[in-house]
Amino acid sequence: MVARADFETSDGASGAEVRFTGRLTLARLGDLPARLDALGPIASLDLSAIERIDTVGAWIVTRTMRDHGAKVTGASADAERLLDALASDKSDYRVHRDRRSALNRMLEQVGTASMAVWHELLGMIGFLGAMIMALGTQLRARRRLRWHAIVTRFQTVGVDALPIIGLMTFLIGIVIAQQGAVQLRQFGLEVFTINLVGRASIRELGLLMTAIMVAGRSGSAFAAQIGTMKLTEEIDAMRTIGVSPMEAIVLPRVAAATILMPLLGFYASLCSIVGGGVFCWIGLDIPPLTYVQLLRDIIPMTDFWAMLIKAPVFGVLIGVTGCYEGMQVRQNAEEVGQRTTSAVVAAIFLVIVLDAFFAVFFSSIGWN
Amino acid sequence: MAGETEQQQVQAELAAADAVRPEQHEVAIRVRGLVNKFGDAVVHDGLDLDVRSGEILGVVGGSGTGKSVLMRSIIGLQIPDAGEIEVYGKSLDTIADEEESRDLRRRWGVMFQGGALFSTLSVAENIQVPLREYYPRLDQRLLDEIAAYKVAMVGLPPDAGPKYPAELSGGMVKRAGLARALALDPALLFLDEPTAGLDPIGAAKFDELIRELADTMGLTVFLITHDLDSLYATCDRVAVLAEKRVIAIGTIPELLATEHPWIQDYFNGPRGRAAASGNQTAKRP
Chain U
559 MVARADFETS DGASGAEVRF TGRLTLARLG DLPARLDALG PIASLDLSAI ERIDTVGAWI
619 VTRTMRDHGA KVTGASADAE RLLDALASDK SDYRVHRDRR SALNRMLEQV GTASMAVWHE
679 LLGMIGFLGA MIMALGTQLR ARRRLRWHAI VTRFQTVGVD ALPIIGLMTF LIGIVIAQQG
739 AVQLRQFGLE VFTINLVGRA SIRELGLLMT AIMVAGRSGS AFAAQIGTMK LTEEIDAMRT
799 IGVSPMEAIV LPRVAAATIL MPLLGFYASL CSIVGGGVFC WIGLDIPPLT YVQLLRDIIP
859 MTDFWAMLIK APVFGVLIGV TGCYEGMQVR QNAEEVGQRT TSAVVAAIFL VIVLDAFFAV
919 FFSSIGWN
Chain H
7 MAGETEQQQV QAELAAADAV RPEQHEVAIR VRGLVNKFGD AVVHDGLDLD VRSGEILGVV
67 GGSGTGKSVL MRSIIGLQIP DAGEIEVYGK SLDTIADEEE SRDLRRRWGV MFQGGALFST
127 LSVAENIQVP LREYYPRLDQ RLLDEIAAYK VAMVGLPPDA GPKYPAELSG GMVKRAGLAR
187 ALALDPALLF LDEPTAGLDP IGAAKFDELI RELADTMGLT VFLITHDLDS LYATCDRVAV
247 LAEKRVIAIG TIPELLATEH PWIQDYFNGP RGRAAASGNQ TAKRP
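The listed protein sequences correspond, in order, to chains U and H.
Counting with the numbering used here, you get residues 559 to 926 for the letters of the first sequence.
Counting with the numbering used here, you get residues 7 to 291 for the letters of the second sequence.
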């Protein structure tokens with residue numbers, strides 16, 4: 559017979575008298591707590607017949623003593639020791655955070671989220687300011703920019719990204735040309751596909767796609783690298799040695815992103831145009847030479863300038879967002895993941911918002 | 007009828023659990039001829055060790071002598087290249103049955119060096135993880151009460167339960183790790199450098215806590231440490247790891263009587279003497 563925890567009861571004057579048997583341990587507990595609760599008032603607990611007791615068994619006894627004012631008899635020395643250890647009042651030991659009503663929690667979440675967005679915005683502006691100050695100090699002190707660090711980033715941010723950006727925009731060029739041609743054919747104006755591909759690529763799509771790709775590849779990498787450096791206290795070590803993390807970590811990354819965005823954007827626009835050209839040649843029988851000649855007439859220089867003005871701004875934005883989010887890591891590895899995600903999301907969102915502003919602005923100064 | 011089959015099932019489970027009875031074994035852990043290699047590096051070569059039931063055994067040795075590897079071998083995290091390891095007469099190697107291995111596993115609690123708390127769970131939830139895993143039928147109220155008294159037992163403050171590991175200090179993380187190791191009321195407790203990284207006062211309090219819990223709960227403790235004060239304050243016996251095996255095991259006076267140069271250096275070096283004298287003055291009335 560296996561000695562599972564059990565009890566026998568007999569009725570006393572002021573309530574049931576409970577006599578435990580078997581092993582009063584976690585492994586043998588079964589439904590004993592529930593059956594014990596189902597009893598009415600309990601006057602005494604007899605431990606003389608138990609084989610073993612552990613802290614869980616002792617806790618059940620202690621709890622019953624407390625709730626029913628029951629007396630304990632027949633406890634062995636071992637049981638006595640355990641009961642003593644658990645005897646002090648545990649009611650102020652909390653296990654859960656305070657619970658609140660659903661409405662309360664929802665309001666709190668909305669409020670917290672709104673404040674978080676606001677603080678994030680302020681923080682990022684502050685970070686941008688601090689970065690510009692750091693650049694100013696560096697230049698005034700006639701310290702040379704860390705070209706080596708910047709050029710190292712060129713490799714990861716720029717050169718390594720060329721194949722994926724090229725392929726992506728090439729395909730997008732084909733898709734735009736193909737979709738445009740289907741619509742324009744209805745009016746017999748297939749040749750205007752070239753206008754569509756050319757202008758959309760140079761002015762908007764090439765750069766926008768590049769920005770999204772750079773935010774996903776490099777903005778996230780900045781955030782994760784810097785976040786990990788924060789966790790391992792590398793950034794703190796740098797500060798104590800007297801190296802400014804702004805100068806050594808942030809500026810080279812932002813500079814690399816800023817310098818590379820126009821180059822990558824231009825490259826992406828070209829790839830997109832090549833993609834459109836391939837479709838025009840195969841699908842619409844427009845020979846490449848004609849395609850290029852027509853492009854020269856169709857695309858105004860202002861489109862090119864618009865792209866070149868937007869590109870460095872996007873670069874700063876992606877670099878600053880990535881570095882800022884990385885610098886916000888305080889506690890644990892999980893936060894690195896969260897911050898990396900929000901670096902990418904915030905960068906892409908801000909790029910698109912800013913792009914809309916630029917579009918309105920360029921139209922109103924007559925760059926159509 | 008349904009109730010009856012459930013009854014039978016419970017009985018069967020209990021019978022299986024009964025197969026491992028800590029109190030029936032004089033030797034809690036028996037290691038024979040253990041060999042561990044990492045590539046060409048041999049860490050253990052024919053290591054023998056007995057841990058007696060109810061004792062606190064300190065395991066010491068220089069860096070890289072394989073103290074942690076020994077612990078990992080015993081608890082089955084490291085598969086040895088050769089040798090036998092028995093815990094309460096059962097070997098994890100020869101247990102084919104998943105159920106039986108779970109029964110063995112719940113006889114021990116392990117506290118890792120860095121606490122190894124699950125960072126996405128609060129302290130109370132961390133303590134409840136093993137309870138939920140092995141006893142899914144426990145009701146939430148009892149789970150919460152168990153978590154609360156375990157938090158109290160290891161000397162954490164009352165508000166520590168809902169906190170996340172990142173919000174705790176180093177000493178509190180160690181105590182929370184100990185609380186989780188004790189969640190299932192194990193008979194056997196493995197501690198990997200529990201006082202490393204604590205200040206001397208915190209370390210002394212932790213030693214006291216381990217001694218106290220071991221006495222109250224009748225624990226067998228396998229304690230890896232570098233801390234000489236811990237050895238004097240808590241351990242019944244000490245095993246010395248060197249030359250890829252246990253070169254000596256016994257009480258500290260017994261070890262001091264041996265001639266081995268490493269043991270002499272260890273206990274009679276400046277730190278060893280300081281710990282010894284500190285321990286003697288502490289014990290004098």
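Where a beta carbon is used, it is the ideal one built from N, C-alpha and C, also for glycine.
These numbers come from a predicted model, not from an experiment.
Buried or exposed for Ile515 of chain U, going by 16 or more other Cβ atoms inside 10 Å?
One cannot answer for residue 515 of chain U here, as it falls past the ends of chain U, which runs 559 to 926.
Residue from H:Ile91, H:Asp165 and H:Gly68 whose Cα sits closest to the Cα of Arg655 of chain U:
Residue H:Asp165 is the option with its Cα nearest to Arg655 of chain U.
Contact defined as beta carbons within less than 8 Å: I believe Thr751 of chain U pairs with Ala739 of chain U. What is the distance between those atoms, to the nearest angstrom?
Confirmed, Cβ separation roughly 5 Å.
What does the alpha-carbon distance come out to for the pair Ile844 of chain U and Arg888 of chain U?
For the pair Ile844 of chain U and Arg888 of chain U, the Cα-to-Cα distance works out to about 58 Å.
Would you say Ala189 of chain H and Tyr238 of chain H are within 8 Å of each other, going by their C-beta atoms?
Not a contact, by the Cβ cut-off of 8 Å.
Run through DSSP, which three-state label would Ile85 of chain H get?
Three-state result, Ile85 of chain H: coil.
Could you give the DSSP three-state label for Asn926 of chain U: helix, strand or coil?
Reduced to three states, the DSSP call for Asn926 of chain U is coil.
Counting only the same chain and skipping the five closest in sequence on each side, list residues whose C-beta sits under 7 Å from that of Leu842 of chain U.
Spatial neighbours of Leu842 of chain U in its own chain (CB-CB distance under 7 Å, excluding positions within 5 residues in sequence) are listed in chain order as Ala739, Glu748 and Thr751.
Could you tell me the alpha carbon to alpha carbon distance between Leu587 of chain U and Gly120 of chain H, rounded to whole angstroms?
Taking the straight line from one Cα to the other gives about 32 Å.
Partner residues on chain H for Thr613 of chain U, Cβ-Cβ distance less than 9 Å:
The answer, in chain order, is Ile152, Tyr155, Lys156, Met159, Leu188, Asp191, Thr222 and Met223.
Look at the alpha carbon of Leu605 of chain U and the alpha carbon of Glu638 of chain U, and state the distance between them as a whole number of angstroms.
So the alpha carbons of these two residues sit roughly 10 Å apart.
Minimum Cβ-Cβ distance from Trp617 of chain U to chain H less than 8 Å:
Among the residues facing chain H, Trp617 of chain U is included, as its CB has a counterpart in that chain under 8 Å away.
Please classify Thr810 of chain U: is it buried, with 16 or more other beta-carbons within 10 angstroms of its beta-carbon, or exposed?
Thr is not the amino acid found at residue 810 of chain U; the sequence shown has Pro there. Around the C-beta of Pro810 of chain U, 16 or more other C-beta atoms lie within 10 Å, and the residue is accordingly described as buried.
If we count Cβ pairs, one from each stretch, closer than 8 Å, do we get three or more for the segment 864-874 of chain U versus the segment 758-773 of chain U?
The way I'd put it, the segment 864-874 of chain U does touch the segment 758-773 of chain U; three or more beta-carbon pairs between them come closer than 8 Å.
Here's the rule: buried if 16 or more other CB atoms are within 10 angstroms of the residue's CB, otherwise exposed. What is Leu725 of chain U?
Exposed, because fewer than 16 other Cβ atoms sit within 10 Å of the Cβ of Leu725 of chain U.
Any chance the segment 636-652 of chain U sits against the segment 606-623 of chain U, with 3 or more Cβ pairs inside 8 Å?
Counting C-beta pairs closer than 8 Å gives three or more between the segment 636-652 of chain U and the segment 606-623 of chain U, which meets the contact rule.
Ends of the beta strand (DSSP E) at Val66 of chain H?
Under the DSSP assignment, Val66 of chain H falls in the beta strand (DSSP E) whose first and last residues are Ile62 to Gly67.
Give every residue of the same chain whose Cβ lies closer than 6 Å to the Cβ of Gln211 of chain H, excluding the five residues on either side of it in the sequence, and list them in chain order.
According to the sequence shown, residue 211 of chain H is Lys rather than Gln. Counting only Cβ-Cβ distances below 6 Å, and skipping sequence neighbours, we find nothing.
Limits of the unbroken alpha helix (DSSP H) element including Asp794 of chain U:
Unbroken alpha helix (DSSP H) run through Asp794 of chain U: Glu792 to Ile799.
Alpha carbon to alpha carbon, how far is Leu174 of chain H from Ile600 of chain U? Give it in angstroms, no decimals.
The straight-line gap from Cα to Cα measures roughly 41 Å.
Let me see if you follow: with CB-CB separation under 8 Å, is Arg655 of chain U close to chain H or not?
At least one C-beta of chain H is nearer than 8 Å to the C-beta of Arg655 of chain U.
DSSP has Thr742 of chain U in a bridge; who is on the other side?
Position check: residue 742 of chain U holds Leu in this sequence, whereas Thr was assumed. Note: Leu742 of chain U sits in no beta bridge, so no partner.
Quick check on the burial criterion: 16 or more other C-beta atoms within 10 angstroms. Buried or exposed for Glu199 of chain H?
With 16 or more Cβ atoms within 10 Å of its Cβ, Glu199 of chain H is classed as buried.
Is Phe228 of chain H near Leu83 of chain H, with beta carbons less than 8 Å apart?
No; because the gap between Cβ atoms is not below 8 Å, this pair is not in contact.
Counted within 10 angstroms of its Cβ, other Cβ atoms place Ala263 of chain H as buried (16 or more) or exposed:
Exposed, since its Cβ has fewer than 16 Cβ neighbours within 10 Å.
I want to verify the contact list: residues of chain U whose CB lies under 9 Å from the CB of Asp213 of chain H, in sequence order.
Simply none; closest approach about 18 Å.
Backbone secondary structure at Ala254 of chain H - three-state DSSP:
Correct three-state label for Ala254 of chain H: strand.
Are the C-beta atoms of Lys788 of chain U and some chain H residue less than 8 Å apart?
Cβ-Cβ to chain H under 8 Å: no for Lys788 of chain U.
CB of Gly39 of chain H within 8 Å of CB of Asp56 of chain H, strictly:
For Gly39 of chain H and Asp56 of chain H, no; Cβs fall outside 8 Å.
Beta-carbon of Asn890 of chain U versus every beta-carbon of chain H: anything under 8 Å?
Taking 8 Å as the CB threshold, Asn890 of chain U lines the interface with chain H.
Please report how far the alpha carbon of Ala209 of chain H lies from the alpha carbon of Ile81 of chain H, in whole angstroms.
If I take the Cα positions, the gap works out to 25 Å.
Taking beta-carbon pairs under 7 Å, can you tell me which members of the segment 164-180 of chain H lie near chain U?
So the list reads Pro164, Asp165, Gly167, Pro168 and Ala172, given in the order they occur along the chain.
Would you kindly report the start and end of the unbroken beta strand (DSSP E) that includes Ser602 of chain U?
Counting along the chain, the beta strand (DSSP E) containing Ser602 of chain U begins and ends at Ile600 to Asp604.
Check distances from the C-beta atoms of the segment 117-135 of chain H to those of chain U and list, in chain order, the residues that come in under 7 Å.
Here the close residues are Ser125, Thr126 and Ala130.
Using only the alpha-carbon positions, how far apart do Asp271 of chain H and Val41 of chain H sit?
The straight-line gap from Cα to Cα measures roughly 26 Å.
Would you say Arg639 of chain U faces chain H, with C-beta separation under 8 Å as the test?
So yes, Arg639 of chain U belongs to the interface.
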